[in-house]
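Asks:
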Amino acid sequence: MKFVNLEEARNAPGVRLVVLAAIPSPWSEAAKGLFVIKGIDGMLVRLGPRDEAVKQWTAHHNAPVLFVDREPPRAHWSDILEAAERLGGTPLLPADPGERGQVFALGHELLGESGLVWSGRIIAIHRGLTTDGREGFPPRIAQYLAPKYGYAADRVAAAKARVLALLRRFGEMVDKSRSEGRDYLLPSGLSALDVFLSTALAPFAMLPDDECPGVNEAVRRAFETGDPEIIAAVPQSLRAYRDHVYAQHLGLPVKL
38 MKFVNLEEAR NAPGVRLVVL AAIPSPWSEA AKGLFVIKGI DGMLVRLGPR DEAVKQWTAH
98 HNAPVLFVDR EPPRAHWSDI LEAAERLGGT PLLPADPGER GQVFALGHEL LGESGLVWSG
158 RIIAIHRGLT TDGREGFPPR IAQYLAPKYG YAADRVAAAK ARVLALLRRF GEMVDKSRSE
218 GRDYLLPSGL SALDVFLSTA LAPFAMLPDD ECPGVNEAVR RAFETGDPEI IAAVPQSLRA
278 YRDHVYAQHL GLPVKL
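Numbering-wise, my numbering puts 82 at position 45 of the sequence shown, and it's gapless, one number per residue.
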């Protein structure tokens, strides 16, 4: 996967993936990670806040968006996964129906609406709005994101409880895998679920600057000034698991 400009991508066949610029967005990084691990060649296009031409091409206001030849664009994490799997390379969907179901069910817990990352966004928005940007997102960004994630002050407590419960659940999954001598979440080995969990931890446990350079300063600060209870709830075993997946499969340093 290589970064190219919009015109080169728009006029090319094959795989083209639009990802957020300067932000380790779990959704963008998960989509990118699938193609990296599968070894599928393709083009990456950055989407910044003022890239109206990219938005016009994708017909979406956000990223990731996947183009494959002349097929309709795909923007949902599960649709991108299905398309990537169909294109070949290293399998990331288990053959076992039970494990396959776990990838989609737990993938939704991580990347779906009201999942780990979604709920974390609500908390970061709230912290930005209630501290005048001293913590969480700067007010301007928080106000922009608020309607996208259905933010309301009375939803913050539930979002926090959801984040804490999911961090505990996935931490227990990692601990169980390690106790059974496995490096990955599912018995069959590396899967898309490992990609989803590793990339979903960015808002709660940022990679250091030398491993993830070029992050927008406001976004890094928002992630690093998150709720102290949530930051403390990311166990060391989960961080070590994430580090292993990045070092062995996703690649370091992260290229944004």
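For glycine and all other residues, C-beta sits at the position ideal for the given N, C-alpha and C.
Since the structure is predicted, the reported quantities are computational estimates derived from the model, not experimental observations.
1) Taking 7 Å as the limit between beta carbons, can you name the residues of its chain near residue 153, skipping five residues before and five after?
2) Are the beta-carbon atoms belonging to residue 51 and residue 106 less than 8 Å from one another?
3) Whose C-alpha, out of 61, 290, 282, 46, is nearest the C-alpha of residue 253?
4) Would you mind working out which of 40, 114, 240 sits nearest residue 162, comparing C-alpha positions?
5) Return the first residue and the last residue of the alpha helix (DSSP H) that residue 148 is part of.
6) Can you tell which of 76, 209, 95 has its C-alpha closest to the C-alpha of residue 125?
7) For the beta strand (DSSP E) that contains residue 104, what are its first and last residues?
8) Would DSSP call residue 111 helix, strand or coil?
9) Within the chosen definition, does the stretch 261-281 reach the stretch 183-193 through at least 3 CB pairs nearer than 8 Å?
10) Residue range of the alpha helix (DSSP H) that residue 295 falls in?
11) Mind checking who residue 53 pairs with in its DSSP beta bridge?
12) Between which residues of its own chain and residue 102 is the CB-CB distance below 6 Å, once the five residues before and five after are set aside?
Replies: If we stick to the structure as given:
1) Within the sequence shown, residue 153 is the residue found at index 116, counting from 1. Closer than 7 Å at Cβ, skipping near neighbours: 146, 147, 200, 203, 237.
2) Within the sequence shown, residue 51 is the residue found at index 14, counting from 1. Within the sequence shown, residue 106 is the residue found at index 69, counting from 1. Yes, Cβ-Cβ distance for residue 51 and residue 106 is below 8 Å.
3) Residue 253 sits at position 216 when you count from the first residue of the sequence shown. Comparing Cα-Cα distances from residue 253 to each of 61, 290, 282, 46, the minimum goes to 61.
4) Taking the first residue of the sequence shown as 1, we reach residue 162 at position 125. Selected option, being the one with the closest Cα: 240.
5) Taking the sequence shown and counting its residues from 1, one reaches residue 148 at position 111. Its alpha helix (DSSP H) spans residues 134-148.
6) As a first step, residue 125 must be located in the sequence shown, where it is residue number 88. When each option's Cα is compared against that of residue 125, the closest is 76.
7) As a working mapping, residue 104 is identified with position 67 in the sequence shown. 102-105 is the span of the beta strand (DSSP E), which, as asked, contains residue 104.
8) For the purposes of this step, residue 111 is taken as the residue at position 74 of the sequence shown. Note: residue 111 maps to strand in three-state DSSP.
9) no
10) Any question about residue 295 goes unanswered here, given that the chain covers just 38 to 293.
11) By one-based count along the sequence shown, residue 53 stands at place 16. Answer is 80, 104, bridged to residue 53.
12) What you label residue 102 is simply residue 65 of the sequence shown in a count that begins at 1. Correct list, in chain order: 55, 95, 110, 112.
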